[in-house]
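Chains as they are written, first to last, in this note's numbering: chain A, 40 to 377; chain B, 11 to 228; chain C, 21 to 212.
For each residue, glycine too, the CB sits at the ideal point set by N, CA and C.
To start, the structure itself, in C-alpha cells.
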Amino acid sequence: MRRRLAVIVALAVALVTPHAMATPDEARDWLQRMTESLASRNYDGLFTHTAGSQSETMRIVHRVEDGRGVERLVSLDGSGREIVRTAGEVHFYMPDRGVVIVEPRTDDGSLLKALPAPGPRLDSLYTLSIRKGNKLLGREVRVVDIQPRDAFRYGYRLWLDEETAMPLRSVVVDSAGQVVERIHFTRLETDGTIDRHDLEPAVDASGFQWIRSGKRSEPRATVAVTGWRPLKMPPGFRLVASRLQVMPGVPMPVQHLIFSDGFASVSVFIEPSPPTGPAPPESTSMGSANAYSTRIRGHVVTAVGEVPAATVRDIATSVAPVEAAAPAAEAPTADAER
Amino acid sequence: MKAMANFPPSDGSTEPHESREEHARPAAGVEQSDLELVKRAQRNERGAFDLLVLRYQHKVIKLVARLLRDPTEAEDVAQEAFVKAYRALGSFRGDSAFYTWLYRIAVNTARNTMASRQRRPLEYEADLSESEQSSVDARMKDTDTPEAAALSEEIHQTVNRAVEELPEDLRTAIILREIEGLSYEEIAAAMECPVGTVRSRIFRAREAIDRSLKPLLD
Amino acid sequence: MTNQIREQMSALLDGELPPDEVGLLVRRLERDASLRKAFGNYVLAGESLRAPGAIMASPGFAARVSAAIDDGAVPVTVSQSSHRREPLRWRRPVAATAVAASAALAAVLLVRPGTEQQPRLAVNGNGGAMVTLASLPVGGSSPTPAQNQRIASYLVAHGQYASPIGRRNLWSSALAAETGITRVAYEIVEGP
C-alpha cells in the first residue's frame, strides 16, 4: 500500500504540460543559477518538510550581509528546534533536550567558492533533464530531474521558479522510485529586506547546556589520526576538503574528510574510540540523510551524507589507515575541482 | 549499472492543465483561509477565532510544552497565548502567516512564564556524562496519570485503525492530503478524478474517523 | 443539510473553501457545539497521523480558551504553584523501538552494491513484505543522548559542506523530532 501510494504521489507531482526535453546543459545551467540564487539572495519562506510519514512545518530565513549568507532554519511545530548560521558559528538549538550544539563556521566567507559546482563531470553520474512545469505559488516553474545512473546516490526533482531559479519544491527519490524526502514551500518571499529579529532564535537557551566544538586547542600531535582514507568510494566521489574537528568530550581531534560527486556529498569522521561507548555497528536514517558508524582498529568511523544507507555503510567499513608515503595524502582545498 | 527505472515519469498524459485552470475554484490554501478567518475575528465574529484555536491548539501546546520543559503547565500557558493573540488581533496586519504570528506570541508567553520562575541553571559545558544524566532524569518525570496516557494512546490507535479500515479511495485521499500535504487539485490529478470527488472523499474519510473517535471523547 | 455544512468544514480545514462560503459556516459553528467538536476531531485526525506519540490538547481545551476570552479574564502569568484544571493528557516521546515496530519503515540491508545483484532495501512496513534472514534488526535500540549529540554535531559539520539543497534537506531532517529517525543495530549477512 505504501509503495502504491508512493507511485501515486510521484504521479501527482508529475503534473506537466507536454514539452520538448531540453539538453542536459540547460539543466545544468539552471542548477547553477539555483545554487547562486540560494547563496546570494535574501529570502524568507515557509515550507512543509516530509520524511517517512512525518510532516513538519518549517521556516527558513536567509540574508546576505558583508558578502556572507546568514540564515535561520526553524521547526514551527513538532520539535521547535532551530539551526542558526551566523557570520562565525552555527548553532543547533534543541529545546527538547535542553542542548545547544555550537560549531565554528567552516566556509571561508566567499559566497560561491565553496559550493559544489555542477560541472560537466556530473553527466557521467547523473542524467539531467529539464522541462516546463505547472505553476506553483502562482509562479512559472521549470522542473529539473536529476536521475543517478547508479544506486549509490539519490535522485532529485526540483521545481525552480523561472524568474529567480529558487527551488519552490524538491523531492528526493530512491532507486525504487520511492519518495524519501520532500520540501514544499507554501510561501516564499525573495529579495526583500530581512529583519534582524527574524534571524534570532525564538528559543531562550540561557539555561541550556552549550556544547561547543573547536574550543579547546589541540593537546598534542595528531599524526596517529591523519592518513586514514576510505578504500572504497562510489564512482565520481572526490575528496574536496579535510579538516580536524575538535569535539567536546573527545580528547583527540576528529579527522573530518569531505567527499563530493558534484551534487551529493559524504563526510567521514574518524575519532579514537572512547573506552566506553557505542560498540556495534549502527545505522541512522534521517530523511535522505544516512549515517553509519563502525569500529575500526580502535577508532570509531562514521560516514554521513545525502546518499542511501548502503553507500555510507560501504564507505565507512572500507576506511583504513593509509601509508604515510601515499601520494594523495593531503586534501586539496575548496579550490580543487569537484 | 542500471539507472533508476521507475523515477517518476514525466509523460504529459495527465489532463491538460489549461482547461482545469479555467474552471478551477480559487484554491485558497490554508494561509489564505486563516487570513479570512482572522479578518472575521477582527470584526468580532467569535466563531472564526474558535476555528483558529481548534486548528492550532495541538501545535501550540506541543511548542509550549517543549519550551517550558515542564509540560504540566503547557495547557495553561497555551491558553494564555491564545487569549493574548485574541486581544492582539487588531495589530495583526497579515504581512506574515497567521501561524507565524501566533507562534511568536506563544514563544514570548512561554518565555515570560519561565522568567517568572526560579530556575536552577545547568552547568555550561559540563562533562557530558553527568549533565546528560540529570537532563534525562528531568525528562523522564512522569506527570500523566495512567488513565490519561491510556486515552492518548487510544486516540492514536483509533485514528490509525479507522484509516486502515477505510475503503482504498478514501484512505488514499486522506493520506495524500494530511501526510503528503497535496492540494485538492494535485490529489485530483493523482487519483484521476474531479476535485469535487477529492473533497467528498476526504470529507467521508474524516467522518469515519470522527465516528470512531466519538465514543472515546464524548 | 448537515452533511453539506460538515463537508464545507472539511474543505475549510484544507484551505479549499471559497471565501464567500466561509461566513455562513462560521455562523453555523458559533451556534452548534457538535459542529465544533467535529471540526476538532478532523484536526485531531490529521495531527495524529502526522505525529503519532506527540503531545496533544486535551478534549476540553478549545472550549476553555473560548470561556477565558468570554470572561474577559486578564491573562495572568502562571506562577509556580501549578494549579491544573484537568490532568494533561500526553505521552512521552515514543522511543525509536516502538516507532520502528509500528508505522515507520525499518530499512535493513541485504546485499552490498557493486555485486551482481542490485542493492535492495528490505522493507518491514505495514504492507509487511520481506522478512530478513539472519540479519534481523537487533531491536532498534533507543539511541542514548550522547549518541544523538554526536550525530547532531556531525550533521551540523557535514551540512556546512553539502550543496544548498542537500543542506536544507539534511538540516530539516535534523530539526524534525526523533520519531523521524530510524535506528537499527544489526549484523551484516550476505543475502541470497
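Task: Member of Pro38/C, Ile171/C, Tyr181/C and Ile75/C whose CA lies at the smallest distance from the CA of Met286/A - done: Checked all of Pro38/C, Ile171/C, Tyr181/C and Ile75/C; the closest Cα to Met286/A is Ile171/C.
Task: Beta-carbon spacing of Glu95/A, Ala126/A below 9 Å - done: Using a Cβ distance threshold of 9 Å, Glu95/A and Ala126/A do not count as a contacting pair.
TODO: Classify Val361/A as helix, strand or coil using the three-state DSSP reduction.
DONE: Correct three-state label for Val361/A: coil.
Open item on the list: Quick check on the burial criterion: 16 or more other C-beta atoms within 10 angstroms. Buried or exposed for Leu44/C?
Closed with: When all chains shown are included, Leu44/C counts as exposed.
Open item on the list: Quick check: Ala190/A and Pro290/A, are their CB atoms within less than 9 Å of each other?
Closed with: No, they are not a contact pair.
TODO: With Thr62/A as the anchor, note down where its beta strand (DSSP E) starts and where it stops.
DONE: In the DSSP assignment, Thr62/A falls outside any beta strand (DSSP E) and carries neither an H nor an E.
Task: DSSP state of Gln169/C mapped onto helix, strand, coil - done: Correct three-state label for Gln169/C: helix.
- [ ] Would you mind telling me which residues of chain C sit closer than 9 Å to Leu227/B, beta carbon to beta carbon, in chain order?
- [x] The contacting residues are Lys57, Gly60, Asn61, Leu64 and Pro79.
TODO: Report yes if the CB atom of Val358/A is closer than 9 Å to the CB atom of Val279/A, and no otherwise.
DONE: With respect to the 9 Å criterion, Val358/A and Val279/A are not classified as neighbours on the basis of their beta carbons.
TODO: Show which residues of chain B have a CB atom less than 7 Å away from the CB atom of Gly119/A.
DONE: Simply Leu73, Arg76 and Leu77.
TODO: Between the Cα of Trp198/A and those of Val219/A, Glu142/A and Lys171/A, spot the shortest distance and give me the residue it belongs to.
DONE: Of the candidates Val219/A, Glu142/A and Lys171/A, the one whose C-alpha sits nearest the C-alpha of Trp198/A is Lys171/A.
TODO: Can you tell me which of Val87/B, Leu47/B, Arg65/B and Ile219/B puts its alpha carbon nearest to the alpha carbon of Ala58/B?
DONE: Nearest neighbour of Ala58/B by Cα position, chosen from Val87/B, Leu47/B, Arg65/B and Ile219/B, turns out to be Leu47/B.
Open item on the list: Starting from Arg160/A, trace the beta strand (DSSP E) in both directions and tell me its first and last residue.
Closed with: Per DSSP, Arg160/A is not a residue of any beta strand (DSSP E), being assigned neither H nor E.
TODO: Examine the Cβ distances between the stretch 170 to 184 of chain C and the stretch 332 to 344 of chain A and report whether three or more of them are shorter than 8 Å.
DONE: Two segments are said to touch when three or more pairs of C-beta atoms, one from each, lie closer than 8 Å; by this definition the stretch 170 to 184 of chain C touches the stretch 332 to 344 of chain A.
Task: Three-state secondary structure assigned by DSSP to Ser209/A - done: Three-state result, Ser209/A: strand.
Open item on the list: Helix, strand or coil, according to DSSP, for Asp184/A in the structure here?
Closed with: Three-state result, Asp184/A: strand.
- [ ] Output the boundary residues of the beta strand (DSSP E) element that contains Val103/A.
- [x] Counting along the chain, the beta strand (DSSP E) containing Val103/A begins and ends at Gln93 to Glu104.
Open item on the list: I need the straight-line Cα distance from Glu121/A to Leu176/A, nearest angstrom please.
Closed with: Their Cα atoms are separated by approximately 25 Å.
Open item on the list: Restricting to Cα atoms, I'd like to know which of Asp213/A, Ser76/A, Arg160/A and Glu202/A is closest to Ala349/A.
Closed with: Distance check between Ala349/A and each of Asp213/A, Ser76/A, Arg160/A and Glu202/A places Asp213/A closest, using alpha-carbon atoms only.
Task: Under 7 Å by beta carbon: chain E residues contacting Ile169/A - done: Here chain E cannot be found, since the structure's protein chains are A, B and C.
- [ ] Residues of the stretch 23 to 34 of chain C with a CB closer than 8 Å to any CB of chain A: list them in chain order, please.
- [x] So the list is empty, because no residue satisfies the distance condition.
Open item on the list: Let me check understanding here. Comparing Cα to Cα, which of Thr87/A, Gln93/A and Gly91/A lies closest to Ile99/A?
Closed with: Residue Thr87/A is the option with its Cα nearest to Ile99/A.
Task: the stretch 110 to 117 of chain B touching the stretch 64 to 80 of chain B, judged by at least three CB pairs closer than 8 Å - done: Three or more Cβ pairs drawn from the stretch 110 to 117 of chain B and the stretch 64 to 80 of chain B lie within less than 8 Å of each other, which places the two stretches in contact.
Open item on the list: Cutting at 8 Å between CB atoms, please list the residues of its own chain near Pro39/C, excluding the five before and the five after it.
Closed with: Excluding sequence positions up to five before and after Pro39/C, its CB lies less than 8 Å from no other CB in the same chain.
TODO: Return the CA-CA distance between Glu163/B and Ser209/A, expressed in angstroms with no decimal places.
DONE: Going from the Cα of Glu163/B to the Cα of Ser209/A covers about 34 Å.
- [ ] For Asp220/B, return the contacting residues in chain C, with the cut-off set at a CB-CB distance below 8 Å.
- [x] What Asp220/B touches in chain C: Ala58, Asn61, Tyr62 and Ala65.
Open item on the list: How far does the beta strand (DSSP E) with Thr341/A in it extend, from its first residue to its last?
Closed with: His338 to Gly344 is the span of the beta strand (DSSP E), which, as asked, contains Thr341/A.
Task: Nearest-angstrom Cα separation, counted from Gly301/A out to Trp69/A - done: Roughly 15 Å separates the two Cα atoms.
TODO: Sort Gln248/A, Asp116/A, Phe247/A and Tyr193/A by Cα distance to Arg221/A and report the nearest one.
DONE: Looking at the Cα atoms, Tyr193/A is the closest of the given residues.
Open item on the list: Can you find the residues in the same chain that come closer than 7 Å, C-beta to C-beta, to Leu32/C, ignoring five residues on each side of it along the sequence?
Closed with: Excluding the 5 residues flanking it on each side, Leu32/C has same chain C-beta neighbours closer than 7 Å at Val42 and Leu45, in chain order.
Open item on the list: Let me confirm a value: Pro204/B is counted as buried when at least 16 other C-beta atoms fall within 10 Å, else exposed. Which label applies?
Closed with: Per the 10 Å Cβ criterion, exposed.
Open item on the list: Cβ closer than 8 Å: which chain B residues qualify as neighbours of Tyr241/A?
Closed with: Residue identity differs from the one stated: residue 241/A is Ala in this sequence, not Tyr. Neighbours of Ala241/A on chain B, chain order: Tyr113, Arg114 and Val117.
- [ ] Under the assumption that Ala65/C contacts Ile219/B (Cβ atoms under 8 Å), give the Cβ distance between them as a whole number of angstroms.
- [x] For a cut-off of 8 Å, the C-beta gap from Ala65/C to Ile219/B is around 4 Å, short enough to register as a contact.
Task: Under the three-state DSSP convention, the category Glu31/B falls into - done: In this prediction, Glu31/B has a pLDDT of 30, which is less than 50 and means its spatial position is unreliable; nothing more can be read from the coordinates.
Task: Contact check, Val169/B vs Ser210/B, beta carbons under 9 Å - done: Ser210/B sits away from Val169/B, with the two beta carbons spaced by 9 Å or more.
TODO: Buried or exposed for Leu62/B, please, with buried defined as at least 16 other CB atoms from any protein chain shown within 10 angstroms of its CB.
DONE: Flag for Leu62/B reads buried.
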